[in-house]
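Undergrad: Residue numbers (the working numbering): 5 to 136.
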């Protein structure tokens, strides 16, 4: 994985991860949550985006199991990559950690993890908390 290089738009997100939080943006014009971090709302093109802390809970929309690591910092395969529908209404791609059994519609919660060991960046991952 390339080194993470936070910029003016993504720094609050990565600062939140370092603090153990999932920070998202909300548009002050239309009220909708936004992910990934950006300067303009993708829904109404408003530029009044404010940061807030998400509880980090959601539902598995889809998933796949990778049997080959794309980089050393990805951790050991096999591993599960999922699309998570966060409760705030945004969809996020992330890893599922802490088990190998995942199903669509499982409830998940945030778990910040270093996937490739102590020298790897902290990343927002999710753990199944309520299987269907």
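Every residue gets a Cβ at the ideal spot worked out from N, C-alpha and C, and that includes glycine.
With a CB to CB cut of under 7 angstroms and the five nearest residues on each side skipped, what residues in its chain are close to residue 76?
TA: 120
Undergrad: Within 10 Å of its beta-carbon, does residue 99 have 16 or more other beta-carbons around it, so buried, or fewer, so exposed?
TA: buried
Undergrad: So residue 22 is in the alpha helix (DSSP H); what residue range does that whole segment cover?
TA: 15-22
Undergrad: Taking the alpha carbon of residue 17 as the reference point, which residue from 60, 111, 86, 81 has its own alpha carbon closest?
TA: 60
Undergrad: At which residues does the beta strand (DSSP E) containing residue 62 begin and terminate?
TA: 61-70
Undergrad: Would you kindly check if the distance between the Cβ of residue 66 and the Cβ of residue 87 is under 8 angstroms?
TA: yes
Undergrad: Looking only at C-alpha atoms, which of 108, 96, 35 sits nearest to residue 129?
TA: Comparing Cα positions, the closest option is 96.
Undergrad: Which of helix, strand or coil does DSSP assign to residue 9?
TA: coil
Undergrad: Is it the case that the Cβ atoms of residue 33 and residue 62 are separated by a distance below 8 angstroms?
TA: no
Undergrad: Please return the same chain residues whose Cβ sits closer than 6 angstroms to the Cβ of residue 52, not counting the five positions on each side in sequence.
TA: 32, 33
Undergrad: Does the beta-carbon distance from residue 28 to residue 12 come in below 8 angstroms?
TA: Going by beta carbons, residue 28 and residue 12 fall outside the 8 angstroms limit.
Undergrad: So which of 79, 93, 133 has the shortest CA-CA distance to residue 105?
TA: 133
Undergrad: Since residue 64 and residue 110 are thought to touch, with beta carbons under 8 angstroms apart, how far apart are those beta carbons, to the nearest angstrom?
TA: Sure, about 5 angstroms apart at Cβ, within 8 angstroms.
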